[in-house]
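Participant: Okay, handing you the structure first.
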Amino acid sequence: MAKAASALASLLSSAAALRPPLRAPPRRTLISAAAAAAPPAEAPPPAEAPPPSPLRPALSTGPPLTNPAAATAAAASPSGSPPYGPCGGSPPPLRRAPPPPPPPPPSPPPPPQRRVTACSYMCSHPEYDRLLPCPLQSSPPRVEHLVVSEGCNVLDYISRALHLPPLFVADLIHFGAVHFALVCPEPPPTATPEQFQIFKEVTEPSVLQKRPSIKGKTVREAQKTFRITDPNQFVEAGSYLRVHVHPKRFPRCYEIDWRSRIIAVTDSYVVLDKPAATSVGGTTDNIEECCVTFASHALGLETPLRTTHQLDNCTEGCVVLARTKEFCSVFHGKIREKQVKKLYLALAATPVTAGVISHYMRPVNIAPRLVSEDGSWVNIPISMRLYSVMRIVDSIGRWHLCQLEVLECNEVPWPNSHIRKIHNIEDCGWPSQESAYECKINLVTGKTHQVRAQLAAIGAPIVGDSMYMPAALAEMANPGINPFGRGRKDYTSEDKRIAATEAWIAQHGKEPNAAIGLQASHISWDDGECSYEAGVPWWRRETA
Numbered sequence: 053m054a055k056a057a058s059a060l061a062s063l064l065s066s067a068a069a070l071r072p073p074l075r076a077p078p079r080r081t082l083i084s085a086a087a088a089a090a091p092p093a094e095a096p097p098p099a100e101a102p103p104p105s106p107l108r109p110a111l112s113t114g115p116p117l118t119n120p121a122a123a124t125a126a127a128a129s130p131s132g133s134p135p136y137g138p139c140g141g142s143p144p145p146l147r148r149a150p151p152p153p154p155p156p157p158p159s160p161p162p163p164p165q166r167r168v169t170a171c172s173y174m175c176s177h178p179e180y181d182r183l184l185p186c187p188l189q190s191s192p193p194r195v196e197h198l199v200v201s202e203g204c205n206v207l208d209y210i211s212r213a214l215h216l217p218p219l220f221v222a223d224l225i226h227f228g229a230v231h232f233a234l235v236c237p238e239p240p241p242t243a244t245p246e247q248f249q250i251f252k253e254v255t256e257p258s259v260l261q262k263r264p265s266i267k268g269k270t271v272r273e274a275q276k277t278f279r280i281t282d283p284n285q286f287v288e289a290g291s292y293l294r295v296h297v298h299p300k301r302f303p304r305c306y307e308i309d310w311r312s313r314i315i316a317v318t319d320s321y322v323v324l325d326k327p328a329a330t331s332v333g334g335t336t337d338n339i340e341e342c343c344v345t346f347a348s349h350a351l352g353l354e355t356p357l358r359t360t361h362q363l364d365n366c367t368e369g370c371v372v373l374a375r376t377k378e379f380c381s382v383f384h385g386k387i388r389e390k391q392v393k394k395l396y397l398a399l400a401a402t403p404v405t406a407g408v409i410s411h412y413m414r415p416v417n418i419a420p421r422l423v424s425e426d427g428s429w430v431n432i433p434i435s436m437r438l439y440s441v442m443r444i445v446d447s448i449g450r451w452h453l454c455q456l457e458v459l460e461c462n463e464v465p466w467p468n469s470h471i472r473k474i475h476n477i478e479d480c481g482w483p484s485q486e487s488a489y490e491c492k493i494n495l496v497t498g499k500t501h502q503v504r505a506q507l508a509a510i511g512a513p514i515v516g517d518s519m520y521m522p523a524a525l526a527e528m529a530n531p532g533i534n535p536f537g538r539g540r541k542d543y544t545s546e547d548k549r550i551a552a553t554e555a556w557i558a559q560h561g562k563e564p565n566a567a568i569g570l571q572a573s574h575i576s577w578d579d580g581e582c583s584y585e586a587g588v589p590w591w592r593r594e595t596a
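Going by my numbering, the first residue of the sequence shown is number 53, and it counts up by one from there.
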């Protein structure tokens, strides 16, 4: 610990001496070579800078340090995340994008007194300007699936096919919101006949045999999807593009003093006290606004940090980021061998009895995570198929054991309105808001949403958890509504069981946009030789 503290002090002092005070990372102007070389007659007139919005903070411009490991990782494929609709909702139509139209003939310049923005010149969608400054709220998801009909520069192709300004498309590529595959992945079962017809046409063996780029690859290998990082990358006809036009945004990243959140720095790793409402390593559509990028920038590191484990966006506390690829591999091994100890502080709405709590979690990588106390769900036949409200097929196999140990539970005041307002805590409608219960928890297994789902399942949801608290309230009012709970009913047919599961999923709310009462308060490994504590949890702080 002394060595880590000394290294931290040395690195922070040197970074402070060499760098100006931390500001919002500047953004990079990305534009394709083709667009840069366009003839003057086709170029838009000089753009007038739009007035600053009173709803968005004014940020400096320039790029934060990009994480190349995240930028080159496979983003969605048969072996990765689903290529259709990862932001939720029904997928937009898979379509064959039309070839880029020929450039319009030169037109006379506009009157001198009239000025237009680059966005309004390029298209009739003034809402698409630039991704920075960061808006306070994300736009509704918009994911476009394209089959390239004519080989072209990726930036120019997307700009013309979707009628988006080139600078906006360049920003999307910089954020990691554009993904590519040599061959179009198979559409989901909910796709339209037209979508299946397009897929069939572009994946016919006779068509694929004419494409030298996939020679020696299986169709499955060619369907693997990667993130595009170069706006000048060439995409050939028949390729697949997925464009997240409205990436999920994280405005909290621009409000944090990231240097103050560093717990320790060593030659191999950095321990960060992660703020709530931030992503550890980025999302499918945004690898810029995350802890890895901003912590690397704050420390002045030339080589970006790497993720070793995850915390939910709404959770704060200790997270270990690797400085080297070797330590990343070593730490993953320690997690697999259960050599890493994690303690959490959870602010529950009702008291929780000390001891081990066990559930079985449905093996479906979609929120909300459903759990059952009954082990009879563990060996449900693979042939059983349940459908979520998103109509994504759920092949239930072996449910996963989830265990946590409640070490202690203490009554504390419910966070007052001032503290809740500072930290943007959502009021989820819990009837009694006088006392809350701070639980110290030893996480025995490490499943996504585990603490949140397990505490909600025993009637003690976490304060501010807008996803699981509504379901807990619904079960309190009607115990039989949870088909996996203690008061579940016996179903006479599979259709009724499916309907009950869909109804139970519908009782859950949305994922929190801000903090919830959950902190990863302690992390240690190597029998305590490496041991780190997070700061005071938000519900005990008077400031942000």
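We put the CB at the ideal spot given by N, CA and C, even for glycine.
Owing to the predicted nature of the structure, the values given are computational and were not obtained by experimental measurement.
#1: Who are residue 306's beta bridge partners in DSSP?
#2: Taking DSSP as the reference, what is the three-state secondary structure of residue 118?
#3: Grab the span of the beta strand (DSSP E) containing residue 577 for me, first residue to last.
#4: Is it right to say residue 490 is buried, meaning 16 or more other beta carbons lie within 10 angstroms of its own, or is it exposed?
#5: Would you mind stating whether residue 235 and residue 260 have Cβ atoms separated by less than 8 Å?
#6: If we call anything under 8 Å between Cβ atoms a contact, is residue 317 one with residue 371?
#7: Assuming residue 366 contacts residue 568 under a Cβ cut-off of 8 Å, what Cβ separation, rounded to an integer in Å, is found between them?
#8: Would you please state the rounded distance, in angstroms, between the beta carbons of residue 283 and residue 222? I believe it to be under 8 Å.
#9: Just reading off the beta strand (DSSP E) that residue 408 is part of, what are its end residues?
#10: Would you call the CB atoms of residue 413 and residue 526 closer than 8 Å?
#11: Per DSSP, what kind of secondary structure is residue 527 in: helix, strand or coil?
#12: Report yes if the CB atom of residue 302 is closer than 8 Å to the CB atom of residue 329, and no otherwise.
#13: Expressed to the nearest angstrom, what Euclidean distance is found between the alpha-carbon atoms of residue 120 and residue 398?
#14: If you run the structure through DSSP and keep just helix, strand and coil, what is residue 380?
#15: Might you give, ordered along the chain, the residues of its own chain that have their beta carbon closer than 7 Å to the beta carbon of residue 518, omitting 5 neighbours on each side?
#16: Can you tell me the Cβ-Cβ gap for residue 396 and residue 572, rounded? I've got them flagged as a contact below 8 Å.
#17: Would you report the Cα separation of residue 511 and residue 522, rounded to the nearest angstrom?
#18: Buried or exposed: residue 205, going by 16 or more other Cβ atoms within 10 Å of its Cβ?
#19: Select from 592, 402, 411, 250 the residue whose C-alpha is nearest the C-alpha of residue 483.
#20: Leaving out the 5 sequence neighbours to the left and right, which residues in its chain are closer than 6 Å to residue 88 when beta-carbon positions are compared?
#21: Candidates 384, 342, 452, 457: which alpha carbon is nearest residue 422's?
#22: Please determine, among 364, 348, 390, the residue with the shortest C-alpha to C-alpha distance to residue 376.
#23: Where does residue 267 fall in DSSP's three states?
#24: Taking three-plus beta-carbon pairs below 8 Å as touching, is the segment 374–388 in contact with the segment 310–325?
#25: Among 262, 309, 233, which has the Cα closest to the Cα of residue 51?
#26: Could you name the residues of the same chain whose beta carbon sits closer than 7 Å to that of residue 127, not counting the 5 residues immediately before and after it, in chain order?
#27: Identify whether residue 418 lies in helix, strand or coil by the three-state DSSP scheme.
#28: Enumerate in chain order the residues of its own chain whose CB-to-CB distance from residue 363 is below 7 Å, with the five nearest sequence positions on each side excluded.
#29: Could you check the C-alpha separation between residue 678 and residue 532 for me, to the nearest Å?
#30: List the DSSP bridge partners of residue 279.
#31: Grab me the residues of residue 535's own chain with a C-beta within less than 6 Å of its C-beta, minus the 5 sequence neighbours each way, in chain order.
#32: Tell whether a beta-carbon distance below 8 Å holds between residue 457 and residue 514.
#33: In this structure, does DSSP put residue 500 in helix, strand or coil?
#34: Decide if residue 131 is buried, meaning its Cβ has at least 16 other Cβ atoms within 10 Å, or exposed.
#35: Residue range of the alpha helix (DSSP H) that residue 214 falls in?
#36: Measure from the alpha carbon of residue 188 to the alpha carbon of each residue in 304, 351, 309, 473, then state which is nearest.
Facilitator: Let me lay it out:
#1: Taking the sequence shown and counting its residues from 1, one reaches residue 306 at position 254. Residue pairing by DSSP places residue 306 in no beta bridge whatsoever.
#2: The residue labelled residue 118 in the question sits at position 66 within the sequence shown. Here the model assigns residue 118 a pLDDT of 44, short of 50, so the residue's position is not dependable, and the following value carries that caveat. Coil, per DSSP.
#3: For the purposes of this step, residue 577 is taken as the residue at position 525 of the sequence shown. Segment 570–577, the beta strand (DSSP E) holding residue 577.
#4: One-based indexing of the sequence shown puts residue 490 at position 438. It is buried - the Cβ of residue 490 has at least 16 other Cβ atoms within 10 Å.
#5: Start at 1 with the first residue of the sequence shown, and residue 235 comes out as number 183. Start at 1 with the first residue of the sequence shown, and residue 260 comes out as number 208. Taking 8 Å as the Cβ cut-off, residue 235 and residue 260 qualify as a contacting pair.
#6: Translated into positions along the sequence shown, residue 317 becomes position 265. Translated into positions along the sequence shown, residue 371 becomes position 319. No, the Cβ-Cβ distance between residue 317 and residue 371 is not below 8 Å.
#7: In the sequence shown, the residue the question calls residue 366 occupies position 314. In the sequence shown, the residue the question calls residue 568 occupies position 516. Yes, they are in contact, since the Cβ atoms of residue 366 and residue 568 sit about 5 Å apart, within 8 Å.
#8: Translated into positions along the sequence shown, residue 283 becomes position 231. Translated into positions along the sequence shown, residue 222 becomes position 170. Right, their Cβ atoms sit about 5 Å apart.
#9: The residue labelled residue 408 in the question sits at position 356 within the sequence shown. Per DSSP, residue 408 belongs to the beta strand (DSSP E) from 407–413.
#10: Numbered from its first residue, the sequence shown carries residue 413 at position 361. Numbered from its first residue, the sequence shown carries residue 526 at position 474. Taking 8 Å as the Cβ cut-off, residue 413 and residue 526 do not qualify as a contacting pair.
#11: As a position in the sequence shown, residue 527 is number 475, starting the count at 1. Assignment of residue 527 by DSSP, reduced to helix, strand and coil, places it in the helix class.
#12: Your numbering for residue 302 matches position 250 in the sequence shown. Your numbering for residue 329 matches position 277 in the sequence shown. Yes, these two residues count as a Cβ contact at 8 Å.
#13: Indexing the sequence shown from 1 puts residue 120 at position 68. Indexing the sequence shown from 1 puts residue 398 at position 346. With a pLDDT of 41 at residue 120, under the threshold of 50, the modelled position of this residue cannot be trusted; read the value that follows with caution. Distance between the alpha carbons of residue 120 and residue 398 is about 34 Å.
#14: Looking up residue 380 in the sequence shown gives position 328. Reduced to three states, the DSSP call for residue 380 is helix.
#15: Within the sequence shown, residue 518 is the residue found at index 466, counting from 1. Only 478, 480, 561, 562, 564 meet the Cβ criterion.
#16: Within the sequence shown, the letter at position 344 stands for residue 396. Within the sequence shown, the letter at position 520 stands for residue 572. Residue 396 to residue 572, Cβ: 6 Å. Contact.
#17: Residue mapping note: residue 511 aligns to position 459 of the sequence shown, counting from 1. Residue mapping note: residue 522 aligns to position 470 of the sequence shown, counting from 1. Between residue 511 and residue 522, the C-alpha separation is close to 11 Å.
#18: In the sequence shown, residue 205 corresponds to position 153, counting from 1. Flag for residue 205 reads buried.
#19: Residue numbering aside, residue 483 sits at position 431 when the sequence shown is read from its first letter. Residue 402 is the option with its Cα nearest to residue 483.
#20: Position 36 of the sequence shown, counted from the start, is the residue given in the question as residue 88. At residue 88 the pLDDT is 36, less than 50, meaning the model places this residue with poor confidence; the figure from the coordinates comes in the next sentence. Counting only Cβ-Cβ distances below 6 Å, and skipping sequence neighbours, we find nothing.
#21: Here residue 422 refers to the residue found at position 370 when the sequence shown is read from its first residue. Just measuring C-alpha positions, the residue of 384, 342, 452, 457 sitting nearest residue 422 is 452.
#22: Position 324 of the sequence shown, counting from 1, holds the residue named residue 376. Here the closest residue by C-alpha is 348.
#23: Counting from one through the sequence shown, the residue named residue 267 turns up at place 215. Residue state, collapsed to three classes: coil.
#24: yes
#25: Residue 51 cannot be examined here, being either before or after the span of the chain that is shown, 53 to 596.
#26: By one-based count along the sequence shown, residue 127 stands at place 75. Caution applies to residue 127, whose pLDDT of 39 falls short of 50 and renders its modelled position unreliable; the value that the coordinates give is listed next. Counting only Cβ-Cβ distances below 7 Å, and skipping sequence neighbours, we find 133, 231, 277, 278, 279, 336.
#27: Here residue 418 corresponds to residue number 366 of the sequence shown, with the count starting at 1. Coil.
#28: Taking the first residue of the sequence shown as position 1, residue 363 is located at position 311. So the qualifying residues of the chain are 326, 332, 369, 371, 572.
#29: There is no way to answer for residue 678, as the model of the chain reaches only from 53 to 596.
#30: Position 227 of the sequence shown, counted from the start, is the residue given in the question as residue 279. Answer is 231, bridged to residue 279.
#31: Position 483 of the sequence shown holds residue 535. The answer, listed in chain order, is 552, 553, 556.
#32: For the purposes of this step, residue 457 is identified with residue 405 of the sequence shown, where counting begins at 1. For the purposes of this step, residue 514 is identified with residue 462 of the sequence shown, where counting begins at 1. Taking 8 Å as the Cβ cut-off, residue 457 and residue 514 do not qualify as a contacting pair.
#33: Counted from its first residue, the sequence shown places residue 500 at position 448. Here residue 500 sits in coil by DSSP.
#34: Along the sequence shown, one-based indexing puts residue 131 at 79. Unreliable placement is indicated for residue 131, whose pLDDT of 37 sits below 50; the coordinate value is still reported in the next sentence. Burial call: exposed.
#35: For the purposes of this step, residue 214 is taken as residue 162 along the sequence shown, with counting starting at 1. Per DSSP, the continuous alpha helix (DSSP H) segment holding residue 214 begins and ends at 206–214.
#36: Counting from 1 along the sequence shown, the entry for residue 188 is found at position 136. That would be 304, whose Cα lies nearest to the Cα of residue 188.
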